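K.L.:
Protein chains: 2
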Amino acid sequence: MAADQLTIALDANGADAGPAEVARAAALAAAGGEVRVRVFGPVAEIGRPDAGRDSRTPRGAGSFAPGVELVDAPVSIAKAADPARAVRSTPASSIVQAVRAVADGRADALVSGGSTGAALAAGLFHVKRARGVHRPALAVLVPVPGRPFLLLDCGANVEVRPEHLVQFAHMGAAFMEAVIGLERPRVALLSNGTEANKGTEDVQAAHAALAGAAGLTFAGNVEGFAVGTGEADVIVTDGFTGNVFLKVMEGTADTLLRAVREAATSSARAKAGGLLLRPALAGLRDAIDPEAQGGAFLLGLRRLGVVPHGSFGPNGIARAIELAARGVRADVIGRTHDRLAAAGALRRPSEAVATVPDP
Amino acid sequence: MAADQLTIALDANGADAGPAEVARAAALAAAGGEVRVRVFGPVAEIGRPDAGRDSRTPRGAGSFAPGVELVDAPVSIAKAADPARAVRSTPASSIVQAVRAVADGRADALVSGGSTGAALAAGLFHVKRARGVHRPALAVLVPVPGRPFLLLDCGANVEVRPEHLVQFAHMGAAFMEAVIGLERPRVALLSNGTEANKGTEDVQAAHAALAGAAGLTFAGNVEGFAVGTGEADVIVTDGFTGNVFLKVMEGTADTLLRAVREAATSSARAKAGGLLLRPALAGLRDAIDPEAQGGAFLLGLRRLGVVPHGSFGPNGIARAIELAARGVRADVIGRTHDRLAAAGALRRPSEAVATVPDP
Numbered sequence: 001m002a003a004d005q006l007t008i009a010l011d012a013n014g015a016d017a018g019p020a021e022v023a024r025a026a027a028l029a030a031a032g033g034e035v036r037v038r039v040f041g042p043v044a045e046i047g048r049p050d051a052g053r054d055s056r057t058p059r060g061a062g063s064f065a066p067g068v069e070l071v072d073a074p075v076s077i078a079k080a081a082d083p084a085r086a087v088r089s090t091p092a093s094s095i096v097q098a099v100r101a102v103a104d105g106r107a108d109a110l111v112s113g114g115s116t117g118a119a120l121a122a123g124l125f126h127v128k129r130a131r132g133v134h135r136p137a138l139a140v141l142v143p144v145p146g147r148p149f150l151l152l153d154c155g156a157n158v159e160v161r162p163e164h165l166v167q168f169a170h171m172g173a174a175f176m177e178a179v180i181g182l183e184r185p186r187v188a189l190l191s192n193g194t195e196a197n198k199g200t201e202d203v204q205a206a207h208a209a210l211a212g213a214a215g216l217t218f219a220g221n222v223e224g225f226a227v228g229t230g231e232a233d234v235i236v237t238d239g240f241t242g243n244v245f246l247k248v249m250e251g252t253a254d255t256l257l258r259a260v261r262e263a264a265t266s267s268a269r270a271k272a273g274g275l276l277l278r279p280a281l282a283g284l285r286d287a288i289d290p291e292a293q294g295g296a297f298l299l300g301l302r303r304l305g306v307v308p309h310g311s312f313g314p315n316g317i318a319r320a321i322e323l324a325a326r327g328v329r330a331d332v333i334g335r336t337h338d339r340l341a342a343a344g345a346l347r348r349p350s351e352a353v354a355t356v357p358d359p
Numbered sequence: 360m361a362a363d364q365l366t367i368a369l370d371a372n373g374a375d376a377g378p379a380e381v382a383r384a385a386a387l388a389a390a391g392g393e394v395r396v397r398v399f400g401p402v403a404e405i406g407r408p409d410a411g412r413d414s415r416t417p418r419g420a421g422s423f424a425p426g427v428e429l430v431d432a433p434v435s436i437a438k439a440a441d442p443a444r445a446v447r448s449t450p451a452s453s454i455v456q457a458v459r460a461v462a463d464g465r466a467d468a469l470v471s472g473g474s475t476g477a478a479l480a481a482g483l484f485h486v487k488r489a490r491g492v493h494r495p496a497l498a499v500l501v502p503v504p505g506r507p508f509l510l511l512d513c514g515a516n517v518e519v520r521p522e523h524l525v526q527f528a529h530m531g532a533a534f535m536e537a538v539i540g541l542e543r544p545r546v547a548l549l550s551n552g553t554e555a556n557k558g559t560e561d562v563q564a565a566h567a568a569l570a571g572a573a574g575l576t577f578a579g580n581v582e583g584f585a586v587g588t589g590e591a592d593v594i595v596t597d598g599f600t601g602n603v604f605l606k607v608m609e610g611t612a613d614t615l616l617r618a619v620r621e622a623a624t625s626s627a628r629a630k631a632g633g634l635l636l637r638p639a640l641a642g643l644r645d646a647i648d649p650e651a652q653g654g655a656f657l658l659g660l661r662r663l664g665v666v667p668h669g670s671f672g673p674n675g676i677a678r679a680i681e682l683a684a685r686g687v688r689a690d691v692i693g694r695t696h697d698r699l700a701a702a703g704a705l706r707r708p709s710e711a712v713a714t715v716p717d718p
C-alpha cells in the first residue's frame, strides 16, 4: 500500500443494484491503484459467482479484487423506518460497521450503498459533527450541462436557522473549491424572489447574514429558475425545499425526455427523425446523467461521506468512491473549517447543539 | 346584454405584451358573445392604431370592440416594490379600479394583466377574503401532458399553518370539480418523503389533519417526483415551496428543451432528424404550453381572480378570461364555501385573522 493511498469504507447494502454490484464498483474504483476500498456487506451474496459476467468464485471475507477487502456484514438497516433508532440498536449492521471504520481511522471516508437516512444517522452518531459545525448537510452536484451547481441542504435538515444556512454556504464553497477546483464559487440563497425582502423571516435573515459574511462571494437570492441559468455555483436552502427542488427537477426531466421519446415514435416521419437524432440526444443524456456526479455528499462531519443515489449502477458508485477520495486528498474538511473560522461562523462551544436531525 | 352574460374586469397594465395586446385578448374572449370585458388601462396607448395588424382608430374611453368596454386608467402599479402599500396609496391605478369594479358588483371576476403581487394585494384590500377563509392562495394548473394537476399555494403565503393547508386542499378540490369538471379530485400534500412522519412539524400536522378531513380524497404525501407521475390532481404546499416547485419545473423544462434543440443542430445528421421530428415535438410544446392553462388562479376571495403569466400573449390572456368566466358560472366560490362548511374547516369568526400576507 503506497504511503498516500487512501482507504474508503463502503457499505454494500441498500443499493437497488444489490451488494454484488456494489462490490464490483469497489473493484472498478480500486483498479487504478490510487484508492483501497473496504467493503462491508453480505459475503455470501457478494462472493456468489455471477454467471454471464465474470468468473468470480464464492469466497469468504478477505480479498475480493485488487485493492478491495471484503468484511462480512450481512445485516442491513437501509430500509429502516427510523434510521436513528436502527443505528443505535443494530451495531452489527453494515452501515454502522463502515461508519465506525471511518470514525476509528481505519478508513478515510465513507461511501454508502444507497440509504441516505442510515448513512446520515450513523455518521452523526459515530463520526460526529466537525468542530464548530451546527448541522451536517446533504449536498448534490446538479448536472446541468456546462454549468453544474451544488445544491444544499437536500434533506438532512427539514428546518434550519439562518446561521445554519450561512454555514451551508461555506461548506458548499469549500467543496466546490476543493473537489471541483472552482475559484471563488458564487453562492446564492434560494427564495421565492430575487429581492432581499422575499422569503420567510428566516430566509430574509439568512440573506442579510450572507450579504455580510466574510470570505463569501454572495450572489444574492435566486429563484427556482436558477436550475438552468448558471447564475450560481452553490445554492443554499433548507433540507425540505432542497429535497423538493431536486425531485421536481428529476421528475420534470424524466417526464419531458419520456415525452420526447414518445413524440419520436408517434409517426413514421418522427421515427426516422428520432433515429437520426439519437446520437446527439445520447450526448445530452450523458451530460445530465446523475451517475456522473457521484451522488449526494455528506458535509459537516469530521470525515467526508458520499451517498450515491439508490438507483446507481457500478459506474455511479465507483464515481462516488473516486469523489470521496478526491475530497479527502483536497482536504475538504480542513478547508471548510478554515473558511468557517476565517468568517467567524464557527459554532461556539457555548451554543446549544441542536438535537440530531431526523434524516 | 344577455341575462346570464358575465362581465370580467381586466387590468391591461403589467403584461410584457403591453396594454394594446391585452385589450386585443379581451376582444378575442368577448367575440363569442358569452362574456363582456371591462378593460382598465391607458386608453391613449390601447386606442392607438397598430399599423400592420388591424385598422383600429384612436378613440377615448368607451366601446373598443364588440363586448369590450374601455375605461381610461393609465396609472400602473404593476412594478411596485411594495404592492400592498401601492394599492393603498394609488386608488387611481388600473388594478385598483378593476378590483373595485369586482368588489362593487360591476364585474363578476378579475383578470390581471400580469402583476400577481398587485392583484393579490388589491384583491385582499378591496374584494376581501371569502367568509371563513384564513388566507387566499395562488393556484396554478400545471400542464403535464395528459395529467395536469393544480398546485397551491404558489406564492401568496410564504408561511402557513396546518389549517391553512387543509383549506387549500378544499379550495383546490372545489376548483378542479367546478372549473375542470373532475369528480373526487385526489388531493396530496407535498413533502420530502411519502411517509406521514416526513417534513417539518407543520407539514406532519397538516398530514394528520388532511388524513382526518371530511369530504376530501386524500392521497397522502407526494414528493417532487409527482410532477410527472399523475398520482394527484391537487398538490398543496406553502407558498414558498410552491413557488420554488413551479420555477424549478419551468427552469428544467426550458433548459432541457433548449438542449434538445441544440442537439438537433449539432450535426448535419442531427439537423435532418430535427426537421423530421419537428411536427411531433411541436405537439409536445403545445401540450405543455402554459398559455393554454390561463395562468394563476387567485382562490379564497369573495370573487374569483385569474393572473396570467406576465409573458403571456393575447391567446393566453383570452384563455384566462374564459377560465374566469367558467369559474363564475360553475360557482367555484360557493362550492368552496360549501366544502369548507361540510368539512367543518371554516375559520370561526372568533379566530384571529392573520395580517395581510406579503405577496
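Just so you know, the sequences run in chain order A and B. For the first sequence, our numbering gives the first residue as 1, with consecutive numbering after it. For the second sequence, our numbering gives the first residue as 360, with consecutive numbering after it. C-beta atoms are modelled at their ideal positions from N, C-alpha and C, and glycine is treated no differently. Computed from a predicted model, the values in this text were never measured in an experiment.
Between Gly579/B and chain A, is any beta-carbon pair separated by less than 8 Å?
P.N.:
It does not; no Cβ of chain A falls within 8 Å.
K.L.:
Suppose contacts are defined by Cβ-Cβ distances below 8 Å. Is Val244/A in contact with Thr559/B by that definition?
P.N.:
No.
K.L.:
Assign Thr714/B to one of three DSSP states: helix, strand, or coil.
P.N.:
With a pLDDT of 49 at Thr714/B, under the threshold of 50, the modelled position of that residue is not reliable, and no figure is offered here.
K.L.:
Take Arg545/B as the anchor and find which of Asn551/B, Gly552/B, Thr553/B and Glu536/B has the nearest alpha-carbon.
P.N.:
Among Asn551/B, Gly552/B, Thr553/B and Glu536/B, the Cα nearest to that of Arg545/B is on Glu536/B.
K.L.:
Could you list which residues in chain A have their beta carbon closer than 8 Å to that of Thr576/B, in chain order?
P.N.:
What Thr576/B touches in chain A: nothing, since even the nearest Cβ is about 22 Å away.
K.L.:
Between Asn197/A and the rest of its own chain, which residues show a CB-CB distance below 8 Å, the 5 nearest in sequence each way excluded?
P.N.:
Around Asn197/A: Gln204.
K.L.:
Looking only at DSSP bridge pairs, what is Gly41/A linked to?
P.N.:
Paired residues: Asp72/A.
K.L.:
Thinking just about the alpha-carbon of each residue, which of Pro433/B, Phe508/B and Ala478/B is nearest to the one in Arg447/B?
P.N.:
Arg447/B has its Cα closest to that of Ala478/B, out of Pro433/B, Phe508/B and Ala478/B.
K.L.:
Between the Cα of Gly334/A and the Cα atoms of Glu231/A, Arg131/A and Val234/A, which residue gives the shortest distance?
P.N.:
Here the closest residue by C-alpha is Arg131/A.
K.L.:
Between the C-alpha atoms of Asn315/A and Ala29/A, what's the straight-line distance to the nearest angstrom?
P.N.:
Their Cα atoms are separated by approximately 9 Å.
K.L.:
Answer with yes or no whether the minimum CB distance from Asp16/A to chain B is below 8 Å.
P.N.:
For Asp16/A, the answer is no, since every Cβ of chain B falls outside 8 Å of its Cβ.
K.L.:
Would you identify the three-state DSSP class for Ser414/B, choosing helix, strand or coil?
P.N.:
Note that Ser414/B has pLDDT 45, beneath the 50 cutoff, so the model's placement of it is unreliable and no number is given.
K.L.:
Per DSSP, what kind of secondary structure is Met360/B in: helix, strand or coil?
P.N.:
Note that Met360/B scores a pLDDT of 44, beneath 50, so its modelled location is shaky; the value from the coordinates is reported in the next line. In this structure, Met360/B counts as coil in the three-state DSSP scheme.
K.L.:
Among all the DSSP beta bridges, which residues are the ones paired with Ile594/B?
P.N.:
Ile594/B is bridged to Leu510/B and Ala547/B.
K.L.:
Which word fits Gly181/A, buried or exposed, when buried means at least 16 other C-beta atoms lie within 10 angstroms of its C-beta?
P.N.:
Gly181/A is exposed by the Cβ-count criterion.
K.L.:
According to the neighbour-count rule (16 or more other Cβ atoms, all chains shown, within 10 Å of its Cβ), is Ala498/B buried or exposed?
P.N.:
Ala498/B should be labelled buried.
K.L.:
What three-state label does DSSP hand Gly294/A in the structure shown?
P.N.:
In this structure, Gly294/A counts as coil in the three-state DSSP scheme.
K.L.:
So for Gly369/A, helix, strand or coil by DSSP?
P.N.:
Residue 369/A is absent from the model: chain A starts at 1 and stops at 359.
K.L.:
Can you give me the Cβ contacts of Pro175/A inside the same chain, cut-off strictly under 7 Å, excluding the 5 residues immediately before and after it?
P.N.:
Correcting the residue type first, residue 175/A is Phe in the shown sequence and not Pro. Answer for Phe175/A: Ala139, Leu150, Phe297, Leu299 and Val332, listed in chain order.
K.L.:
Which of the three DSSP states is assigned to Arg278/A in this structure?
P.N.:
Reduced to three states, the DSSP call for Arg278/A is helix.
K.L.:
Counting only runs of 4+ residues fully inside the segment 227-271 of chain A, write out the alpha helix (DSSP H) ranges in chain order.
P.N.:
Fully enclosed alpha helix (DSSP H) runs of 4 or longer: 239-263.
K.L.:
Locate the beta strand (DSSP E) running through Val666/B, then write down its first and last residues.
P.N.:
That run of the beta strand (DSSP E) goes Gly664 to Val666.
K.L.:
Buried or exposed: which applies to Arg543/B, given that a residue is buried once 16 or more other Cβ atoms fall within 10 Å of its Cβ?
P.N.:
Its Cβ having fewer than 16 others within 10 Å, Arg543/B is exposed.
K.L.:
In chain order, what residues of the same chain lie with their CB nearer than 8 Å to the CB of Gly411/B, ignoring the 5 residues before and after it?
P.N.:
Residue placement at Gly411/B is poorly supported in this model, since its pLDDT is 39, which falls under 50; the coordinates still yield a value, given next. Cβ within range, chain order: n/a, list empty.
K.L.:
Distance, Cα to Cα, Val593/B vs Val517/B?
P.N.:
So the alpha carbons of these two residues sit roughly 19 Å apart.
K.L.:
Quick one: measure Cβ to Cβ for Ala627/B and Leu277/A, integer angstroms, because I've assumed they're closer than 8 Å.
P.N.:
Actually they do not touch by this definition, with Cβ atoms about 12 Å apart.
K.L.:
Decide if Arg620/B is buried, meaning its Cβ has at least 16 other Cβ atoms within 10 Å, or exposed.
P.N.:
Looking at its Cβ environment, which holds fewer than 16 other Cβ atoms inside 10 Å, Arg620/B is exposed.
K.L.:
To be precise: take each residue of the segment 651-663 of chain B, compare its Cβ to all Cβ atoms of chain A, and keep it if any distance is under 9 Å. Which residues remain?
P.N.:
Under the 9 Å Cβ criterion, the segment 651-663 of chain B contributes no residue.
K.L.:
Using 8 Å as the threshold, is the C-beta distance between Ala702/B and His566/B below it?
P.N.:
Contact: no.
K.L.:
Using only the alpha-carbon positions, how far apart do Ala368/B and Ala386/B sit?
P.N.:
Straight-line Cα distance between these residues: approximately 13 Å.
K.L.:
Is Arg294/A buried or exposed, if buried means 16 or more other CB atoms sit within 10 Å of its CB?
P.N.:
It should be pointed out that residue 294/A corresponds to Gly in this sequence rather than to Arg. When all chains shown are included, Gly294/A counts as buried.
K.L.:
Assuming Leu479/B is part of the alpha helix (DSSP H), what are its boundary residues?
P.N.:
That run of the alpha helix (DSSP H) goes Thr475 to Ala481.
K.L.:
Run through DSSP, which three-state label would Ser94/A get?
P.N.:
Helix at Ser94/A.
K.L.:
Please state the DSSP three-state secondary structure of Leu387/B.
P.N.:
If DSSP states are grouped into helix, strand and coil, Leu387/B belongs with the helices.
K.L.:
Assign Pro66/A to one of two classes, buried (16 or more other C-beta atoms within 10 Å of its C-beta) or exposed (fewer than that).
P.N.:
Pro66/A is exposed by the Cβ-count criterion.
K.L.:
Ser448/B by DSSP, collapsed to three states: which one?
P.N.:
Note: Ser448/B maps to helix in three-state DSSP.
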